[in-house]
Amino acid sequence: ATGVLGRALISKLKEYQVICLIHKTPFKEHGVISIKGDITKKQLGLTYNEYQTLCKQIDVIIHMAAITDFSERKEIIENTNVVGTKNIVTLSRDADAPLYHVSTAYVYDFPNANRFGKQRNFYEISKRLAEKIVKDSLVKATIIRPSIIIGDSHHGTVSTLQGFHLLSRLIMEEKLPMLPGLPHSILDIVPQDMVAEVIFALVHNEHIGGEFYITNGQNAPMLKEVIDTIVQESTILFNKSISSPKIVDPDLFDRLIKPVFLPKLPFQVRKEIRRALFMREYLTIEEALPSSLDFLNSHYGIKKIQDMKYILKNNIKYLYNLINSQEEKKAYRG
212 ATGVLGRALI SKLKEYQVIC LIHKTPFKEH GVISIKGDIT KKQLGLTYNE
262 YQTLCKQIDV IIHMAAITDF SERKEIIENT NVVGTKNIVT LSRDADAPLY
312 HVSTAYVYDF PNANRFGKQR NFYEISKRLA EKIVKDSLVK ATIIRPSIII
362 GDSHHGTVST LQGFHLLSRL IMEEKLPMLP GLPHSILDIV PQDMVAEVIF
412 ALVHNEHIGG EFYITNGQNA PMLKEVIDTI VQESTILFNK SISSPKIVDP
462 DLFDRLIKPV FLPKLPFQVR KEIRRALFMR EYLTIEEALP SSLDFLNSHY
512 GIKKIQDMKY ILKNNIKYLY NLINSQEEKK AYRG
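Residues are numbered in the numbering used here as their position in the sequence shown, beginning at 1, plus a constant of 211.
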């Protein structure tokens, strides 16, 4: 409940009695019951009596807990994304409650995609394994596959900065003069409130079964279009000219640019760039993802994104305000 999607979804579930399993981050919301547990442990880390009580209380399970930080260690990703899903599936079976499992659109096998390195990152592997666990279990389940999630459509707000935000911030602060990718690659990004709206619609209408791609599909912007919007909006907000990073071939970046460019930078900047560049393989995909928005629109009234540039600008404004507030704190500390 404390993650990017959790907070966006909670606001839509006011007519439901919501029980949230939390691990470390406290969560306080009117009408929401928080239970401290751990999805990586059997019975979610609860006592026998606590677990049995939970099974009797729940009618529906929405499983969104996952490690999305690509730089995290494999064992931590596996423990949360794979073992955690196995334990949630057990809960679904024990409680006889349908499961709404949030995966990623990038489990999709692109027929002819040009992906740098050709290999999946471990996050994607873990989500494929998690889906297999859900499907093999034969519990009543619906799989939801969003693409790259960014902040709110209208305000840009997000509880935790994602890879897209880290990359955008580097561009805004002109810390990334060159970016490995393909200018015409497709960058499929969706706002968190839209994904939350889809999950709510499926749960509210008791739609059980199927796999839903929450993506822009053929309407997704190209990488260069996204970067141009970031640069243009940043130029307005900072009231100065912001340089656009040059998009270079990933192989060239690795062989000739990265070894010379990165070592010369301050440690903190190197750290930020390395973390942001875990997104690099999503900057080389030349094929569109499938999308379920036509079905969701005709059945549940979910609207397609009409103005991606508007949403991007709001996310950049949010980042700009965040940068300014952090600079103010630094100045105050002296």
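Cβ coordinates follow ideal geometry from the N, Cα and C atoms, glycine included.
#### Entry: Test item: CB-CB of residue 468 and residue 389 under 8 Å
Contact flag set, yes.
### Task
My understanding is that residue 500 touches residue 515, with C-beta atoms under 8 Å, so please give their C-beta distance in whole angstroms.
Incorrect: roughly 14 Å between the Cβ atoms, too far for contact.
### Member of 341, 366, 362, 397 whose CA lies at the smallest distance from the CA of residue 355
341
### Query
CB-CB under 7 Å to residue 318, same chain, minus the five flanking residues each way: which ones, in chain order?
Excluding sequence neighbours, residue 318 sits near 335, 338, 339, 342, 356.
### Query
Rounded to a whole number of angstroms, what is the C-alpha to C-alpha distance between residue 526 and residue 219?
C-alpha separation (whole angstroms): 15 Å.
### Task
Ignore the nearest five residues each way along the sequence and tell me which others in residue 273's own chain have a CB closer than 6 Å to its CB.
If we look at residue 273 and ignore the five residues flanking it on each side, its Cβ neighbours are 311.
### Query
What is the rounded straight-line gap between the Cα of residue 361 and the Cα of residue 216?
Cα to Cα, the separation comes out at about 10 Å.
#### Entry: the stretch 406-425 touching the stretch 480-496, judged by at least three CB pairs closer than 8 Å
Judged by Cβ distances under 8 Å, the stretch 406-425 makes no contact with the stretch 480-496, as fewer than three pairs qualify.
### Task
Using three-state DSSP, classify residue 536 as helix, strand or coil.
Under the three-state reduction of DSSP output, residue 536 falls in the helix class.
### Message
Can you check which of these residues, 413, 394, 307, 260, is closest to residue 435 by C-alpha distance?
### Response
394
### Nonlocal neighbours in the same chain, by C-beta distance under 8 Å from residue 345, ignoring five residues either side
Cβ neighbours of residue 345 beyond the five flanking positions: 296, 300, 310, 312, 352, 354.
### Query
According to DSSP, is residue 545 helix, strand or coil?
Bear in mind that a pLDDT of 42 at residue 545, under 50, signals an unreliable position, so the model cannot answer this.
### Message
Check this for me: beta carbons of residue 292 and residue 498, under 8 Å apart or not?
### Response
no
#### Entry: Whole-angstrom distance between residue 270 and residue 519, CA atom to CA atom
Roughly 36 Å separates the two Cα atoms.
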